[in-house]
Amino acid sequence: MLTPGQIEQYAEQGYLVLPALIPPDKLAAIRAATDRLVDGARGVVANDDLYDLEPGHTPTLPRVRRLKPAIFSREPIFSALIRDPLILEPVSQLLGTGVRLHGGKLNLKAAGYGSPVEWHQDWAFYPHSNDDVLATGLYLDDCDLANGPLLVMPGTHRGSIYDHHSDGRFCGAMDPIASGLDFNQAVPLTGPAGSLTIHHARLVHGSALNTSNRTRRLLLHEYAATDAWPLMGVKDLAEFDSRIVLGAPTLEPRVRPAPIRMPLPAAEHQGSIYENQRGAGRLYFQTAQARSIAKM
Ligand SMILES: O=C(O)CCC(=O)C(=O)O
3 MLTPGQIEQY AEQGYLVLPA LIPPDKLAAI RAATDRLVDG ARGVVANDDL YDLEPGHTPT
63 LPRVRRLKPA IFSREPIFSA LIRDPLILEP VSQLLGTGVR LHGGKLNLKA AGYGSPVEWH
123 QDWAFYPHSN DDVLATGLYL DDCDLANGPL LVMPGTHRGS IYDHHSDGRF CGAMDPIASG
183 LDFNQAVPLT GPAGSLTIHH ARLVHGSALN TSNRTRRLLL HEYAATDAWP LMGVKDLAEF
243 DSRIVLGAPT LEPRVRPAPI RMPLPAAEHQ GSIYENQRGA GRLYFQTAQA RSIAKM
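Heads up, the sequence shown is in the numbering used here, so the first residue is 3 and it goes up one at a time.
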């Protein structure tokens, strides 16, 4: 259970780290399931419903950037984790007694080339009728400054929604200069394997290239209060309600004003955030390609 101090930190700063929350045996099973799925990328030629591939991936030398939501149907441990009390209890302390899964994925940030994620707010991708929306991140590996920890800008969840457009289209990344933010103030969320990060959907965050020789795998779950409804609409009510992990469905969205920009027109490069961010104008983090060109 979260302490009153942790609940206050989340309200003030927009993030929390719960060190070593998941016990080693469960973590070992999660890693084994991850390895099985990553091994399956041998022979894969293009992004699909499971694999988001790194630039430089080949079917014989697979490089996977992200495992997409298909993980939840491919390996039972991932679907069980969505409802694991170790994760859900702190989430319900922050969101209330009705909680719905919005989505999830596993970012792999492989040793030596794992891609950065440019500064962004999740809220720019999926604005809701109120901002009781957050993401949890479970580190499958020890995470320190060298292997690309989640970097967060404290308190930004109480401020503006930044422009995530470039050339008139959504690109899922903020222009680091136009934002006016001082990214030297960013806080790295580090911790031993099994640690859980929690960040508010409006919090500005990102992560750098993994320059270490260690992976940094992060399993992300996005949760919303059941009465926070996505402003981009609900296409299939039964599917929407099937993602409720706590409490009962409701047809009465709670409306509480928060700054919003719609993610439209849609990104030129559809798919994951990595795909969307290919359309970004100005980058903040160095990519593996830029680093290898600089070394020539
Ligand atoms: O994997 C990371 O470091 C950042 C993940 C993230 O912010 C996202 O995928 O939206």
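Note that the Cβ used here is the ideal one computed from N, Cα and C, for glycine as well. Treat the numbers as computed from the prediction; the structure is a model and nothing was measured.
### Query
Taking the alpha-carbon positions, what's the Ile275 to Pro57 distance?
Each residue's alpha carbon lies about 14 Å from the other.
### Query
Counting only runs that start and end within the segment 198–240, where is the alpha helix (DSSP H) found for 4 or more residues in a row?
You should have found no qualifying run.
### Between the CA atoms of Ala226 and Ala240 - distance to the nearest angstrom
Within the model, the alpha-carbon separation for Ala240 versus Ala226 is close to 17 Å.
#### Entry: The alpha helix (DSSP H) enclosing Lys111, as first and last residue numbers
Unbroken run through Lys111: none, as it is neither H nor E.
### Query
Do you know offhand how far Ile24's Cα is from Asp169's?
Their Cα atoms are separated by approximately 43 Å.
### Query
In its own chain, which residues sit with a C-beta less than 8 Å from the C-beta of Asn215, not counting the 5 before and 5 after it?
Close CB contacts of Asn215 within its chain, under the 8 Å cut and outside five residues either way in sequence, are with Ala113, Gly114 (chain order).
### Query
What span of residues does the alpha helix (DSSP H) with Ala30 cover, start to end?
Note, Ala30: alpha helix (DSSP H), 26–41.
### Query
Comparing alpha-carbon positions, which option in Thr158, Met234, Met3 lies nearest Gly202?
In the sequence under discussion, the amino acid at residue 202 is His, which differs from the Gly named in the question. It is Thr158 whose Cα lies nearest to the Cα of His202.
### Task
On the DSSP bridge assignment, give the partners of Cys173 in chain order.
Cys173 pairs with nothing; no bridge assigned.
### Task
Please indicate yes or no: does the CB of Val119 lie closer than 7 Å to some heavy atom of ligand 1?
For ligand 1, at least one heavy atom lies less than 7 Å from the Cβ of Val119.
### Query
Regarding Asp124 and ligand 1, is the C-beta to nearest heavy atom distance less than 7 Å?
Under cutoff, so the answer is yes.
### Task
Indicate the three-state DSSP secondary structure (helix, strand or coil) for Val93 in the structure shown.
DSSP places Val93 within a helical segment (H, G or I) once states are collapsed to three.
### Query
Just curious, the alpha helix (DSSP H) that Glu10 is in, first and last residue?
Judged by DSSP secondary structure, Glu10 falls within the alpha helix (DSSP H) whose first and last residues are 6–15.
### Query
Whose CA, out of Thr213, Gly7, Ala126, lies closest to the CA of Cys173?
When only C-alpha atoms are compared, the closest one is Ala126.
### Query
Does the pairing of the segment 145–153 with the segment 278–285 give three or more beta-carbon distances under 8 Å?
No contact exists between the segment 145–153 and the segment 278–285.
### Task
Report whether the distance from the Cβ of Ser209 to the nearest heavy atom of ligand 1 is below 7 Å.
True, at least one ligand heavy atom lies under 7 Å from that Cβ.
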